[in-house]
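Residue numbers for the sequence shown follow UniProt numbering, beginning at 1 and rising by one. Just so it is clear, CB atoms sit at the ideal spot from N, CA and C, and this is done for glycine as well. Here the structure comes first, spelled out in C-alpha cells, and everything after it is commentary.
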Amino acid sequence: MPSTVLPSIPHRERIPLTNEPLEYADLAVVDLSRGETAEGRMELAAQVADAMSNVGFFYIINHGLSQAQNDRMFDVADVPFSLVPEDEMKAYTTSFEDIGRYLGYKNRRQWHVNGGIYDEIEQYNMDRDVMKEQHPRAMRPLLPEIDSFVKFCHYQVLYPILRLLALGLGLPEETFVKIHGFDDNNETSIRFMNFPRAQDEEDKADNVWLKGHTDIGSVSILWSQPISALQILSPDGKWRWIRHIDNALVINAGDVMEFLSGGYYKATIHRVVQPPADQRGHARVGLFYFVKCNDDVKLVPFAESPVLQKHGITRLCDDVDAPTMLEWRNKRTSAYGVTKLEKKENGRIEEEIISGVVVKHYN
C-alpha cells in the first residue's frame, strides 16, 4: 500500500459488534504467516483442504495488511456511494445481463429476491487493472491506492491460497496460480458494495437481502466487517452466521473451484440477511475480491490429483460438455436474478440450468 499522504475522504466509524446470541458457523482460522516455509505450507494446506472439502469457508489472519489499512479501504469502498452524485452514477452503470460481466455500478432493484421484492444492493465493480476503465471523479484520486490494494490481494493473498489448494489435492504448488494470471485474460475484479433496505420491505422478503447462492468464480475474498449479515448453509442444512474477526479475511470456494477439484472443494451456498436488531439502521459496506480463472480454461477436474483418485471425482457435467470460464461467467452473470427459476421443495429452493449444470438458489 502507498506510504505517501493519502487523499482525504470521509472516515466511517466502526459499528459495535452485535450483542445478540447468534448461532455462528465454526470456521477454521488460517494463519497465513505460517506459510513462509515449505513445512508450514504443507500444514496449512491440510487445514485449508479440510475446510474447503467440508464447509467451503475459512478465515485468514496475519495476511500482511494492518487494521488501519483495512479501515482505510472500507472508507475507500464507501466513496462510490457517498460522494458520487446520482447523475454521474448513471453514466457509469452497465447492464450485466447484456455484457456478461460485472463492471461499474449495479442499480438497486435489479435482482429478484422473493415474493415480488427486489434487492436494494448497490455495487461498484472495477477490473483488477483499475486504470483500464474510466471512473467517477471522486474515485480518480484514489486509483493508485486501489491499484496497490488489488495487487496485494492478488499476489499476497490469492496466490498463497491457490498454492495451498493445489497442495491439498497433491498437485504441483503452482497448478492453480498458472491459470489465474494477473496479466492474463480473465475477469478477476474488486467490488465495493452498499446494503441499504427500506424497512417496510423486510417482511415481504423474509429479511433476505441476497438469496442463497454460490459464487461464480474460483475463490472469493471478503474483508470481514462488524455488521453481521452473512450466513452460510451448513452441511446439516441450517443457516449459520459468519462471525466478525478484526482484520480477518473470509474465504470461500466458488463454482469454478468445485469444477476443477472434481467436487472435492465445495462451493458453499451463502446469503445476506438483515442484520441483528442492535445493528440495524447502519449502511453495510462490503469489500470483495472476486477471482476467476483465465477465460480459456475448460472447467474439468484435475483428474491427475492423487487425492481425487483416492476419494473419487464428482463431475458437475461430462468433461466433453464442460464450459470454459468465459462461457460459465457470461451465462451465470447474464442469468442471475433476472431469469425465471423453477421452484423446488415448497419454494425453498429455486433451480436453473446453466451449460447443462443445475444451479440452485435458496430463499
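Is it true that the CB of residue j sits closer than 8 Å to the CB of residue i?
i, j, result
"Ile9", "Val84", "no"
"Ser220", "Val291", "yes"
"Pro80", "Phe149", "no"
"Val48", "Leu162", "no"
"residue 381", "Leu299", "Residue 381 falls outside the range modelled here, since the chain spans only 1 to 363, and no answer is possible."
"Thr214", "Ala267", "yes"
"Tyr59", "Leu17", "no"
"Ile216", "Arg332", "yes"
"Val250", "Ser218", "no"
"residue 417", "Gly181", "Outside the shown range of the chain, which is 1 to 363, sits residue 417, and nothing can be said about it."
"Val261", "Pro301", "According to the sequence provided, residue 261 is Ser. The question's Val does not apply to it. Yes, Cβ-Cβ distance for Ser261 and Pro301 is below 8 Å."
"Ile121", "Cys293", "no"
Taking the straight line between their C-alpha atoms, what separation do you get for residue i and residue j?
i, j, result
"Tyr264", "Pro7", "45 Å"
"Gly212", "Val273", "10 Å"
"Val318", "Leu103", "Checking the displayed sequence, the identity of residue 318 turns out to be Asp instead of Val. Between Asp318 and Leu103, the C-alpha separation is close to 31 Å."
"Leu233", "Gly56", "10 Å"
"Asp71", "Ser189", "20 Å"
"Tyr159", "Val177", "6 Å"
"Ser355", "Glu304", "24 Å"
"Leu22", "Ile15", "17 Å"
"Thr62", "Ser33", "According to the sequence provided, residue 62 is Asn. The question's Thr does not apply to it. About 6 Å."
"Pro2", "Met73", "With a pLDDT of only 48 at Pro2, under the threshold of 50, the placement of this residue in the model should not be trusted; the figure read from the coordinates follows. Their Cα atoms are separated by approximately 12 Å."
"Gln309", "Gln123", "41 Å"
"Glu13", "Thr94", "31 Å"
"Val320", "Glu258", "17 Å"
"Glu350", "Leu44", "36 Å"
"Thr4", "Ala253", "35 Å"
"Trp239", "Ala166", "29 Å"
"Thr37", "Met89", "46 Å"
"Gly353", "Ser66", "The question names Gly, yet the displayed sequence has Ile at residue 353. Straight-line Cα distance between these residues: approximately 43 Å."
"Val357", "Ser334", "15 Å"
"residue 366", "Asn330", "Here the chain has residues from 1 to 363 only, and residue 366 is not among them."
"Val359", "Leu326", "17 Å"
"His244", "His282", "16 Å"
"Glu145", "His311", "44 Å"
"Gly40", "Gln231", "30 Å"
"Trp328", "Phe152", "27 Å"
"Ala322", "Asp278", "46 Å"
"Asp31", "Glu133", "35 Å"
"Asp246", "Val29", "12 Å"
"Asp236", "Arg315", "22 Å"
"Ser82", "Asp147", "21 Å"
"Asp87", "Ala248", "35 Å"
For the candidate residues the options, whose alpha-carbon lies nearest to that of residue i?
i, options, result
"His11", "Ala68, Ser148 and Ala51", "Ala68"
"Ala229", "Arg284, Ala49 and Asn252", "Arg284"
"Tyr155", "His244, Lys132, Glu174 and Leu44", "Glu174"
"Met131", "Glu120, Leu143 and Cys293", "Leu143"
"Ile313", "Ala25, Ala38, Arg41 and Ser53", "Ser53"
"Arg128", "Tyr92, Asn107, Lys106 and Asn185", "Asn185"
"Asp183", "Ile146, Asp295 and His361", "Asp295"
"Asn207", "Arg280, Pro235, Ile269 and Phe152", "Arg280"
"Asp78", "Phe152, Asn125 and Gln134", "Asn125"
"Tyr92", "Ser82, Pro136, Ile121 and Asp50", "Pro136"
"Ala25", "Ile179, Met42 and Ala51", "Ala51"
"Lys106", "Glu187, Gln231 and Asn194", "Asn194"
"Leu171", "Asp87, Gly35, Met42 and Tyr289", "Met42"
"Glu187", "Tyr289, Arg315, Val29 and Ser82", "Tyr289"
"Gly64", "Gly35, Arg315 and Asp87", "Gly35"
List the whole-angstrom C-beta distance separating residue i from residue j, where the pair is believed to meet the contact cut-off of C-beta under 8 Å.
i, j, result
"Ala222", "Arg271", "It is worth fixing the name first, because residue 222 is Leu in this sequence and not Ala. Contact doesn't hold; Cβ gap of about 13 Å is too wide."
"Pro276", "Glu20", "4 Å"
"Tyr362", "Ile269", "6 Å"
Answer yes or no: the CB of residue i versus the heavy atoms of the ligand GDP, is any distance below 7 Å?
i, result
"Pro323", "Absence of the ligand GDP from the depicted structure is noted, as is the absence of any ligand whatsoever, leaving it without description."
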